[in-house]
Amino acid sequence: TDPEFSIVTRSYCTILAQFAQHLCDQYSVIPSGFFWDAITEMDEQNRPIHTFQVCHVMEPNQNNWLRSGWIQRQAAQRVYVELRFTLRDCNSIPWVSGTCKETFNLFYLQTDLDKVFNVGLKVDTIAADESFTQTDLGDRVLRLNTEVREVGPVTQKGFYLAFQDVGACIALVSVKVFYKRCPSTLRNLAAFPETVPHMDSSSLVEVRGACVENAEERDTPKLYCGADGDWLVPLGRCICSIGHEEMDGDCQACRPGFFKGNAGNFKCSKCPLHSSSHDQAATICHCDKGFYRANKDPPTMACTRPPSAPQNLVSLLNDTALFLHWMPPSNTGGRSDILYNVLCQRCDGGDSGATQCEPCEPDLRFIPRPLGITGTSVAILDFAMHANYTFHVEAVNGVSELGVAARSLANVTVTTHQSGKLLMKKDWATYSSIALSWSEVEPPPSEILDYEVKYYEKQEQLSYSSTRTRAASVVVTGLRPSTVYVFHVRARTAAGFTAYSPNFECATAAEGTKSAMETSNSALLYVSCLSVPFSGIKTYVDPDTYEDPTQAVEEFAKEIDPSYICIDRVIGAGEFGEVCSGRLRIPGRKDIAVAIKTLKGGYMEQQRREFLREASIIGQFNNSNIIRLEGVVTKSKPVMIVVEYMENGALDSFLRTRDGQFMVLQLVGMLRGIVVGMTYLSDMGYVHRDLAARNILVDENLVCKVSDFGMSRVLEDDSDAAYTATGGKIPIRWTAPEAIAYGKFSSASDVWSYGIVMWEVMSYGERPYWEMSNQDVILSIEEGYRLPAPIGCPVILHQLMLHCWQKEWGQRPHFNDILSFLDKLIINPSSMLTLVNDAMRYVFSQYDNAIKTSKGMLTKSNLET
Numbered sequence: 001t002d003p004e005f006s007i008v009t010r011s012y013c014t015i016l017a018q019f020a021q022h023l024c025d026q027y028s029v030i031p032s033g034f035f036w037d038a039i040t041e042m043d044e045q046n047r048p049i050h051t052f053q054v055c056h057v058m059e060p061n062q063n064n065w066l067r068s069g070w071i072q073r074q075a076a077q078r079v080y081v082e083l084r085f086t087l088r089d090c091n092s093i094p095w096v097s098g099t100c101k102e103t104f105n106l107f108y109l110q111t112d113l114d115k116v117f118n119v120g121l122k123v124d125t126i127a128a129d130e131s132f133t134q135t136d137l138g139d140r141v142l143r144l145n146t147e148v149r150e151v152g153p154v155t156q157k158g159f160y161l162a163f164q165d166v167g168a169c170i171a172l173v174s175v176k177v178f179y180k181r182c183p184s185t186l187r188n189l190a191a192f193p194e195t196v197p198h199m200d201s202s203s204l205v206e207v208r209g210a211c212v213e214n215a216e217e218r219d220t221p222k223l224y225c226g227a228d229g230d231w232l233v234p235l236g237r238c239i240c241s242i243g244h245e246e247m248d249g250d251c252q253a254c255r256p257g258f259f260k261g262n263a264g265n266f267k268c269s270k271c272p273l274h275s276s277s278h279d280q281a282a283t284i285c286h287c288d289k290g291f292y293r294a295n296k297d298p299p300t301m302a303c304t305r306p307p308s309a310p311q312n313l314v315s316l317l318n319d320t321a322l323f324l325h326w327m328p329p330s331n332t333g334g335r336s337d338i339l340y341n342v343l344c345q346r347c348d349g350g351d352s353g354a355t356q357c358e359p360c361e362p363d364l365r366f367i368p369r370p371l372g373i374t375g376t377s378v379a380i381l382d383f384a385m386h387a388n389y390t391f392h393v394e395a396v397n398g399v400s401e402l403g404v405a406a407r408s409l410a411n412v413t414v415t416t417h418q419s420g421k422l423l424m425k426k427d428w429a430t431y432s433s434i435a436l437s438w439s440e441v442e443p444p445p446s447e448i449l450d451y452e453v454k455y456y457e458k459q460e461q462l463s464y465s466s467t468r469t470r471a472a473s474v475v476v477t478g479l480r481p482s483t484v485y486v487f488h489v490r491a492r493t494a495a496g497f498t499a500y501s502p503n504f505e506c507a508t509a510a511e512g513t514k515s516a517m518e519t520s521n522s523a524l525l526y527v528s529c530l531s532v533p534f535s536g537i538k539t540y541v542d543p544d545t546y547e548d549p550t551q552a553v554e555e556f557a558k559e560i561d562p563s564y565i566c567i568d569r570v571i572g573a574g575e576f577g578e579v580c581s582g583r584l585r586i587p588g589r590k591d592i593a594v595a596i597k598t599l600k601g602g603y604m605e606q607q608r609r610e611f612l613r614e615a616s617i618i619g620q621f622n623n624s625n626i627i628r629l630e631g632v633v634t635k636s637k638p639v640m641i642v643v644e645y646m647e648n649g650a651l652d653s654f655l656r657t658r659d660g661q662f663m664v665l666q667l668v669g670m671l672r673g674i675v676v677g678m679t680y681l682s683d684m685g686y687v688h689r690d691l692a693a694r695n696i697l698v699d700e701n702l703v704c705k706v707s708d709f710g711m712s713r714v715l716e717d718d719s720d721a722a723y724t725a726t727g728g729k730i731p732i733r734w735t736a737p738e739a740i741a742y743g744k745f746s747s748a749s750d751v752w753s754y755g756i757v758m759w760e761v762m763s764y765g766e767r768p769y770w771e772m773s774n775q776d777v778i779l780s781i782e783e784g785y786r787l788p789a790p791i792g793c794p795v796i797l798h799q800l801m802l803h804c805w806q807k808e809w810g811q812r813p814h815f816n817d818i819l820s821f822l823d824k825l826i827i828n829p830s831s832m833l834t835l836v837n838d839a840m841r842y843v844f845s846q847y848d849n850a851i852k853t854s855k856g857m858l859t860k861s862n863l864e865t
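In UniProt numbering, the protein residues as written are 1 to 865.
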């Protein structure tokens, strides 16, 4: 009934059987199937089961054979035989003789033809793990055994299997003959064919894979086929070719609107902005009309276009130089590689009255250069006087040469004549003072905001001082007797500074000599002259000098009705309680956005005084760059301090979230606002002691204001005096060495702190001295170490920082010197074009020599350079 087996039943002729047995004994040939019966039974589900059975346990000397048909080897080198059978327990058979067995034998024979009947080689003796009894038969319990044996190695075309029974009661249910192979598979985008293991079970078969369609080899793909038919040790890989991406183990073409320009197992990318692809398997996206991609641009970059014209082009003319300054274009074309070209024409009226223009004379000098400017300003030298120049400033980028649109230019016309000339005269002089006034020879083109007077000793031209005044006169004090001074003055307008007046020399009187003013008894002139330097700045009053500090609060802080305060939300936590934002609604006035500091409940009276102390300090200040006090609430709970609301919060965190978003000129503008506030405090005789970017607040217009006066203390009348600390924490990274070592705080120590604030601003909120410990900071500063310039910081700004960090506090600049210095930079931004990281021979020690000071003032040569 099974084509794999041939069987001749016991009903065959006995004579033939005896003859066959004789042949077997003589020639070791298998009798073809004697004594095994082919029987069909039904299992528990009434399905037929075909078996071969033998059970001649009552007869001695059993030798019953069953042989398979000839089985082709195919690709097998080792063959496995799985036998499923049942075997009866000899003890359950009554009256059985001693010939009963519970095993049978498995043989195999290799041949090239289906004609041979040798016994072959014995594979194994098969025993049952589970046997059945007569009782089991009644219950129809089928106890199947499964045994697997390895046959081989097989080398010829085919083989037979034979089963020998020597006296057991057996039913052979199934015989499965198989060999193991590693199936065909896909790994790492490579196809591997079906592979048969080696004959030696300890060796692996190396198989090289073939890359799938639209893939290419990166490393030769390999797998190793193991003896059990498992793939092992994957090596190498294939990658999808350009225009194709891996998907479900295959390399499929990129969809329209996507592209892939490099081979690799990554997804196709969506076409960049202003580009598209319309076909499958695109390797690049083509730019939309009006947009371009430069040769150096990667295909993943958006297509861009030329920029628009620069904005707000303005000119500033003095006696020796013409300055052009502009803002970047409103539309950069989507690129950051913006450069500027300055084109010049000189236009003069001809004999016919018509204006004739021609290229500017070649002697005209542009600093840094006329073409390929990276900054937004240029200085022009060696121009002709009383001439009309027209300057065109063009913004270009990496695709400007590819565009066909007209060039976008910003234009300005400049007439080179001296405007706004001032003529100085002396009104009177004493041994230590000189009174000056001036008049306008040529009025400036716009309204005068104030004047700047610069002066120095004629014999000492390396350093100079300057002062500002809104009136056309000034009294300069603190001069040396019998000394000739050189003065010149210039006006500041909305368009910038005019040229300086010609040098005006004036000498102080000898000590003990009466002044012309005293001689003429001109009290009116005296008052007129003195009204300029005394600008009305009042002196700060320390609230700690009050016997009852509450009086200081009542004197300097306005009481607010708590019903006028509307709290919106909590924005932080202070030392004494929560900090909230809200609105101040005073009847008849527009609502004001405010910040409200609250004193938490359960406070002691000392805590209340300390909390309100800050209000009595801030209430004395009136400066646009110092946080403004709106008032306090002291007559109800909670006790509150109400100040103006600063939308952008603390300067350090504000900068950290906007790294690289501002131009250097904007950062300098922020630094100027801080120094304006500190100049005001210094003039009042006040030391802050905790000047840091975290204590500078920024409003919605980027105006910086000094705040947090918890550590500040008053100075004595002497502006160089210092406050001796009596305890408390000191912000080491921001504090001057003398303040750390001796507790001596002064305006000079605030200047050191301001230098650190400058470093914070130019580094966009980086932590000073990074991860160094406070002790390491102290030791490093003592050994002469100073913070290096942040990336992208102009050299001249780092010079100013180093000047603020002079070890000797008397050599540091005053805040009004710093303010004057920053104003010069803002007026002349080209001085900030040299960046620290561009200066190849930049050495910190050279800065110290370049910024030598005299009595805390910047040198003339340094400022003018």
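Every residue, glycine too, gets a C-beta built ideally from N, C-alpha and C.
For Thr266, count neighbouring Cβ atoms within 10 angstroms of its own Cβ and tell me buried if that reaches 16, exposed if not.
Here residue 266 turns out to be Phe, not Thr, going by the sequence shown. The residue in question, Phe266, is exposed, as its Cβ has fewer than 16 Cβ neighbours within 10 Å.
For the stretch 331 to 338 and the stretch 422 to 442, state whether three or more C-beta atom pairs, one from each stretch, are separated by less than 8 Å.
no
Below 8 Å, how does it come out for the stretch 221 to 233 and the stretch 258 to 274: are there three or more Cβ pairs, yes or no?
no
DSSP has Val342 in a bridge; who is on the other side?
Val393
Whole angstroms are fine: how far does the CA of Asn828 sit from the CA of residue 889?
Lying outside 1 to 865, the shown extent of the chain, residue 889 is not represented and no answer is given.
Please classify Gln811: does DSSP put it in a helix, a strand, or coil?
helix
Per DSSP, Ser746 forms a beta bridge with which residues?
For Ser746, which the question treats as bridged, DSSP gives no partner whatsoever.
Less than 6 Å separating the Cβ of Ser408 from some heavy atom of the ligand MN?
Among the ligands in the structure shown, none appear at all, so the ligand MN cannot be discussed.
Measuring CA to CA, which of Tyr224, Glu102 and Gln156 is closest to Ala171?
Glu102
If you follow the beta strand (DSSP E) that Tyr456 is in, where does it begin and where does it stop?
Ile448 to Glu457
Taking the alpha carbon of Phe85 as the reference point, which residue from Thr283, Ala168 and Gly152 has its own alpha carbon closest?
Ala168
Which of the three DSSP states is assigned to Pro776 in this structure?
Reading off the sequence shown, one finds Asp at residue 776, where the question assumed Pro. Note: Asp776 maps to helix in three-state DSSP.
Could you name the residues of the same chain whose beta carbon sits closer than 7 Å to that of Pro794, not counting the 5 residues immediately before and after it, in chain order?
Val664, Met832, Thr834 and Leu835
Going by alpha carbons, who is nearest to Leu324 out of Tyr292, Phe291 and Ile373?
Ile373
Just tell me which of Ala748, Leu651, Leu655 and Phe662 has its CA closest to the CA of Ser682.
Ala748
Could you tell me the distance, in whole angstroms, from the CA atom of Ala741 to the CA atom of Ala410?
56 Å
Do the stretch 240 to 260 and the stretch 195 to 208 make contact, defined as three or more Cβ pairs closer than 8 Å?
no
Take every Cβ of the stretch 42 to 52, pair it with every Cβ of the stretch 149 to 162, and state whether three or more of those distances are shorter than 8 Å.
no
Can you give the Cα-Cα distance for Arg589 and Arg583, rounded to whole angstroms?
12 Å
Give the secondary structure of Val664 by DSSP, where H, G and I count as helix, E and B as strand, and everything else as coil.
helix
Going by alpha carbons, who is nearest to His798 out of Asp776, Glu782, Ile778 and Phe821?
Phe821
Go through its chain and collect everything with a Cβ distance to Pro48's Cβ below 8 Å, but skip five positions before and after it.
Thr40, Glu41 and Met42
I'd like to know whether the C-beta atoms of Tyr455 and Tyr485 end up nearer to each other than 7 Å.
yes
When the Cα atoms are used, what is the spatial distance from Gly669 to His392?
27 Å
Would Trp438 and Val489 qualify as a contact pair, given that the criterion is a beta-carbon distance under 7 Å?
yes
C-beta contact flag for Ala615 and Ile586 at 7 Å
no
Burial state of Ser330 (16 or more Cβ within 10 Å):
exposed
Please name the residue, chosen from Glu644, Asn623, Ser636 and Pro638, that lies closest to Leu629 on a Cα-to-Cα basis.
Glu644
If you run the structure through DSSP and keep just helix, strand and coil, what is Leu691?
coil
Straight-line gap, Gly209 to Met301 (C-alpha atoms, nearest Å)
36 Å
Whole-number beta carbon distance between Ile818 and Val675, since they are thought to touch under 8 Å
5 Å
Selected residue, minimal CA-CA separation from Lys426, among Ala507, Glu460 and Cys360:
Ala507
Helix, strand or coil for Pro543? Go by DSSP, reduced to three states.
helix
According to the neighbour-count rule (16 or more other Cβ atoms, all chains shown, within 10 Å of its Cβ), is His803 buried or exposed?
buried
I need the straight-line Cα distance from Phe621 to Ile627, nearest angstrom please.
8 Å
Less than 7 Å between the C-beta atoms of Ser68 and Leu144, yes or no?
no
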